[in-house]
Amino acid sequence: MGEARNTAYLNFMLEQSVFGSYQDLTELDNFASNISIDFVIPLELISHWRRCGLIADFMANYEALNFKNKELAVSILSTTINELLENAIKFSSDKNKLVNLSVRSYTNQLIIETVNTTAEKHAKKLHNYLELIQTDSAENLFFKQIEENACKPHTTCSELGLLTLIKDYQAVLGVKIQPKEIDDQQTYDVFVQITLNTKEIENQLNIIDATIKTSRKKTKVKNCRSI
Amino acid sequence: MAYETEDFSINCISNTQSKISGILRLPTPKEYEEVLKDISDDLSAAADAGKIYTIDITELSFLNSSGITSFARLILLARSKKSTLVFKGKESIPWQKKSILSLTKLWEKLEIQLT
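Chain order of the listed sequences is A and B. Letter by letter, the first sequence follows residues 5 to 231 of the numbering used here. Letter by letter, the second sequence follows residues 169 to 283 of the numbering used here.
Structure representation (structure tokens):
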């Protein structure tokens with residue numbers, strides 16, 4: 005039993021792991037638009053954290069041009085991009101290492117990908133987390149995690165980001181963890197991809213838009229009656 | 169009692185009401201503990217006094233997953249005291265319609281009022 009576990013661990017350390025719907029973006033060249041950015045955010049300075057949101061908002065505004073309801077699209081895209089970005093930055097092995105974010109738009113889908121280098125303990129934790137995600141629905145895991153977090157008041161990780169995206173935005177998750185050695189230290193390149201169905205988002209936005217319009221009409225009628 | 173930064177503001181309007189506005193994307197749940205402490209204390213006291221506590225988030229345009237964890241903690245606090253907690257939000261803010269609405273599963277006396 006112990007030997008099997010050791011072999012699995014050794015394989016994890018040396019071999020590439022792929023989870024979910026991960027696609028090699030270099031093999032998908034029929035994109036309608038593609039924007040990519042490399043950057044470094046030193047986490048030691050908390051004021052720099054705001055840059056995650058700035059980058060997420062910029063990318064969301066750029067991609068929202070492909071949607072009819074741009075304002076609502078920005079909100080969903082910025083939320084999604086920001087979650088991936090925050091994870092990539094939090095778990096980078098060296099705070100001065102580059103993080104890459106790309107957003108590619110295809111006919112019916114949008115692929116958001118972050119790439120960062122992480123330490124072995126974070127790679128292993130992510131590996132275990134991804135295995136857990138495959139055992140139950142995102143909704144069940146989300147509520148289990150909330151109850152667990154409640155018992156850890158000073159936790160620095162919510163572990164809800166990816167689950168929220170899958171549960172609330174029908175996001176499809178794909179991850180590749182690739183071992184690499186830097187200066188005799190075992191590190192890992194982590195590629196996290198979220199695929200959003202653009203038609204599905206457009207439908208969701210139409211529903212929200214219709215609800216807002218109905219709500220406004222009701223308010224108008226109510227106001228007229230009170231006059 | 170108030171907390172104001174360039175991105176967000178938190179105002180405890182009374183002992184039973186507060187308002188959170190802007191963009192709330194703090195790095196970890198730990199950071200949220202500090203900025204939501206007054207709300208947590210007031211909610212606890214209101215619950216002990218048998219009063220309903222209301223949080224207005226109609227002008228809170230973004231909340232990250234660390235923030236959702238922290239909001240869930242407030243809900244669990246209300247649950248532990250069997251008290252009613254109300255979130256007033258907006259239909260037009262997607263994360264509120266999607267994520268905050270689903271938190272009603274945590275506690276039957278959680279009311280989400282989206283307008």
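Don't be surprised by glycine CBs; every beta carbon is placed ideally from N, CA and C. Note that the structure is a prediction, hence the values are computed from the model and not measured.
The criterion of a C-beta distance shorter than 8 Å is satisfied by A:Asn104 and A:Asp42. Between B:Ser248 and A:Ala175, the alpha-carbon positions lie close to 33 Å from each other. Counting only runs of 4+ residues, the alpha helix (DSSP H) found wholly inside the segment 201–244 of chain B occupies 205–216, in chain order. CA-to-CA, the gap between A:Ile115 and B:Ala213 works out to about 46 Å.
Under the Cβ distance rule, B:Lys249 does not count among the residues neighbouring chain A, no pair being separated by less than 8 Å.
For the C-beta of A:Glu204, not a single chain B residue is nearer than 7 Å; the gap to the nearest is close to 13 Å.
Judged by their CB atoms, A:Asn120 and A:Val194 are nearer to each other than the 8 Å cut-off. About 20 Å separates the beta carbons of B:Lys277 and B:Thr237, which is beyond the 8 Å limit, so they are not a contact pair. The alpha-carbon separation between A:His131 and A:Lys156 amounts to approximately 22 Å.
Any Cβ of chain B closer than 8 Å to the Cβ of A:Glu117 would place that residue at the interface, and such an atom is absent. Counted as a single uninterrupted DSSP element, the beta strand (DSSP E) harbouring B:Tyr171 occupies residues Ala170 to Glu172. Contact between A:Glu90 and A:Leu169 is ruled out by a C-beta separation of about 12 Å, above the 8 Å threshold. Counting only Cβ-Cβ distances below 8 Å, B:Ala240 has contacts in chain A at Ile150, Asn153 and Ala154, in chain order. Taking 8 Å as the threshold, the shortest C-beta distance from B:Lys198 to chain A falls below it.
Taking the CA atoms as reference points, B:Ser186 sits about 15 Å from B:Glu279. Residues of chain A with a Cβ closer than 7 Å to the Cβ of B:Ile191 are, in chain order, Gly57. Proximity of chain B to A:Leu164 at the Cβ level (cut-off 7 Å) is accounted for by Ser233, Ile236 and Thr237, in chain order. Under the Cβ criterion (8 Å, minimum of three pairs), the segment 195–213 of chain A does not count as touching the segment 133–142 of chain A.
Secondary structure note for A:Thr83: its alpha helix (DSSP H) is the uninterrupted segment Lys74 to Lys94. When the five nearest sequence neighbours on each side are left out, the beta carbons in the same chain lying within less than 8 Å of the beta carbon of A:Asn153 are those of Thr159, Ser162, Glu163 and Leu164, in order along the chain. The segment 226–242 of chain B makes contact with the segment 250–270 of chain B, as at least three CB pairs between them are under 8 Å. In the DSSP assignment, A:Thr199 is bridged to A:Ile115 and A:Val176. Taking a Cβ-Cβ threshold of 9 Å, none of the residues of chain B is close to A:Phe35; the smallest such distance is about 25 Å. Here B:Leu271 is near B:Phe239, since their CB atoms are less than 8 Å apart.
B:Ser260 sits in coil when the DSSP states are folded into three classes, being neither helix nor strand. Within chain A, no C-beta atom comes less than 7 Å from the C-beta of B:Ser208; the nearest is roughly 11 Å away. Taking B:Glu202 as reference, the option from B:Ile191, B:Glu259, B:Asp216 and B:Tyr171 with the minimal CA-CA separation is B:Tyr171.
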